[in-house]
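Shown next, in structure tokens, is the structure this report addresses.
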Amino acid sequence: MKYNPFVSIIIPALNEEKYISKLLGSLAKQTYKNFETIVADAGSTDKTVEIARQFGALIVKGGTPARGRNNGAKSAKGDYFIFLDADIVVDSDFIEKAVKEFDKNFFDAATFVHEPITSLRLDELLFKISTSLILASQRIYPHAPGSGIMCTKRIFYKIKGFNEKLYLCEDHDFVNRSIKWGSFGVLKNPKVKVSVRRLEKEGRVNLFKKYLLVELYRVFKGEIDKNIFEYEFGKFDHKDLTKMEKILEKILKKIEKT
Numbered sequence: 016m017k018y019n020p021f022v023s024i025i026i027p028a029l030n031e032e033k034y035i036s037k038l039l040g041s042l043a044k045q046t047y048k049n050f051e052t053i054v055a056d057a058g059s060t061d062k063t064v065e066i067a068r069q070f071g072a073l074i075v076k077g078g079t080p081a082r083g084r085n086n087g088a089k090s091a092k093g094d095y096f097i098f099l100d101a102d103i104v105v106d107s108d109f110i111e112k113a114v115k116e117f118d119k120n121f122f123d124a125a126t127f128v129h130e131p132i133t134s135l136r137l138d139e140l141l142f143k144i145s146t147s148l149i150l151a152s153q154r155i156y157p158h159a160p161g162s163g164i165m166c167t168k169r170i171f172y173k174i175k176g177f178n179e180k181l182y183l184c185e186d187h188d189f190v191n192r193s194i195k196w197g198s199f200g201v202l203k204n205p206k207v208k209v210s211v212r213r214l215e216k217e218g219r220v221n222l223f224k225k226y227l228l229v230e231l232y233r234v235f236k237g238e239i240d241k242n243i244f245e246y247e248f249g250k251f252d253h254k255d256l257t258k259m260e261k262i263l264e265k266i267l268k269k270i271e272k273t
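Going by my numbering, the residue at position 3 of the sequence shown is 18; the numbering climbs one at a time, nothing skipped.
As structure tokens, then:
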């Protein structure tokens with residue numbers, strides 16, 4: 016008999032009307048049917064909740080990303096939880112491939128390879144670098160962007176979910192704690208496609224500096240439970256490329272043509 020676990024897709028959201036319909040639309044086309052969708056809304060003032068209900072999602076109260084994921088999990092009926100951000104898009108066989116690879120590797124927690132929704136070579140390079148670092152560190156110091164995490168219900172409750180006291184990196188902290196009780200890895204076949212809105216808002220170079228500061232802080236001082244710099248949730252205004260970004264993009268295009 017084929018194993019067909021029930022999967023809970025949990026999406027924290029705040030004013031995501033521009034993006035969430037694309038994610039929910041891609042979930043509606045899944046070849047794997049044994050799943051539910053839960054949207055943890057943090058008080059949206061746009062049509063986020065209305066759109067989610069149109070797609071048949073269960074709505075629960077959200078808050079910070081950590082609280083939203085935890086609240087979603089409390090209402091979840093799945094054997095497996097998949098946490099996705101609202102600006103993600105997945106292929107029609109995403110859940111099917113995720114369950115298959117997750118089970119094949121006997122994972123208790125995992126993240127996905129992320130691909131940017133972009134036409135810029137610079138963004139593609141940055142995501143490839145990020146993926147390489149995640150793959151290289153997965154067994155000793157695991158990282159997992161909260162935009163795509165999968166885990167068993169057992170491991171979620173064993174480690175008591177996401178730490179709501181953390182200001183940043185609650186996602187990395189989650190998988191770091193999970194390896195004390197189970198196995199962690201990167202699912203390479205089912206990829207998630209993610210918007211580059213934070214890169215556009217923060218600036219590629221500036222965001223890289225912030226992420227570097229975050230990692231140094233975590234290594235030398237521990238998890239981040241206070242505001243060490245501005246990092247907004249739910250506000251993403253498009254900004255044009257900086258001068259430095261334009262130069263880097265031109266260089267990458269020239270390299271590609273050689």
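Note that the Cβ used here is the ideal one computed from N, Cα and C, for glycine as well.
Endpoints, the alpha helix (DSSP H) within which residue i is located
| i | result |
| --- | --- |
| residue 42 | 35-43 |
| residue 146 | 136-152 |
| residue 87 | 80-90 |
| residue 31 | Where residue 31 is concerned, there is no enclosing alpha helix (DSSP H), given that its DSSP letter is neither H nor E. |
| residue 190 | 185-193 |
| residue 172 | 168-173 |
| residue 110 | 109-119 |
Residues of its chain near residue i, where Cβ-Cβ distance is below 8 Å and the 5 sequence neighbours each way are ignored
| i | result |
| --- | --- |
| residue 107 | 41, 44, 45, 46 |
| residue 195 | 174 |
| residue 241 | 182 |
| residue 70 | 36, 39, 40, 42, 43, 52 |
Residue i burial status per 10 Å Cβ neighbour count (16 or more: buried)
| i | result |
| --- | --- |
| residue 155 | exposed |
| residue 16 | Reliability of the predicted coordinates at residue 16 is poor, the pLDDT of 39 falling under 50, and the value obtained from them is presented with this limitation in mind. By the neighbour-count rule (16 or more Cβ atoms within 10 Å), residue 16 is not buried but exposed. |
| residue 144 | exposed |
| residue 188 | buried |
| residue 121 | exposed |
| residue 219 | buried |
| residue 56 | buried |
| residue 95 | buried |
Residue span of the beta strand (DSSP E) that contains residue i, given as start and end
| i | result |
| --- | --- |
| residue 51 | 50-56 |
| residue 64 | Residue 64 -> not in any beta strand (DSSP E); alpha helix (DSSP H) instead, spanning 63-69. |
| residue 128 | 124-132 |
Residue i to residue j span [Cα, whole Å]
| i | j | result |
| --- | --- | --- |
| residue 235 | residue 191 | 16 Å |
| residue 34 | residue 103 | 8 Å |
| residue 123 | residue 203 | 16 Å |
| residue 182 | residue 82 | 11 Å |
| residue 132 | residue 208 | 6 Å |
| residue 150 | residue 211 | 21 Å |
| residue 232 | residue 185 | 14 Å |
| residue 137 | residue 113 | 28 Å |
| residue 117 | residue 21 | 13 Å |
| residue 146 | residue 129 | 7 Å |
| residue 197 | residue 216 | 36 Å |
| residue 28 | residue 53 | 10 Å |
| residue 165 | residue 180 | 21 Å |
| residue 267 | residue 141 | Caution is warranted here: a pLDDT of 48 is assigned to residue 267, below 50, making its placement in the model unreliable, and the coordinate value is therefore given only provisionally. In a straight line, the C-alpha of residue 267 is about 12 Å away from that of residue 141. |
| residue 58 | residue 168 | 26 Å |
Sequence-distant residues of its chain with Cβ nearer than 6 Å to residue i (five each side left out)
| i | result |
| --- | --- |
| residue 18 | none |
| residue 178 | 185, 188 |
Close-in-space but distant-in-sequence residues of the same chain around residue i (CB under 7 Å, 5 per side omitted)
| i | result |
| --- | --- |
| residue 286 | Lying outside 16 to 273, the shown extent of the chain, residue 286 is not represented and no answer is given. |
| residue 163 | 99, 103, 126, 127, 129, 207 |
| residue 153 | 199, 200, 201 |
| residue 170 | 123, 124, 193, 196, 197 |
| residue 101 | 26, 28, 31, 34, 35, 38 |
Presumed contact (8 Å Cβ cut-off) between residue i and residue j, rounded CB distance
| i | j | result |
| --- | --- | --- |
| residue 99 | residue 26 | 5 Å |
| residue 30 | residue 79 | Not a contact, Cβ separation roughly 14 Å. |
| residue 91 | residue 23 | 4 Å |
| residue 76 | residue 86 | 6 Å |
| residue 176 | residue 88 | 6 Å |
Residue-chain proximity (residue i, chain B), Cβ-Cβ < 8 Å
| i | result |
| --- | --- |
| residue 189 | Absent here is chain B; the protein component of the structure consists of one chain. |
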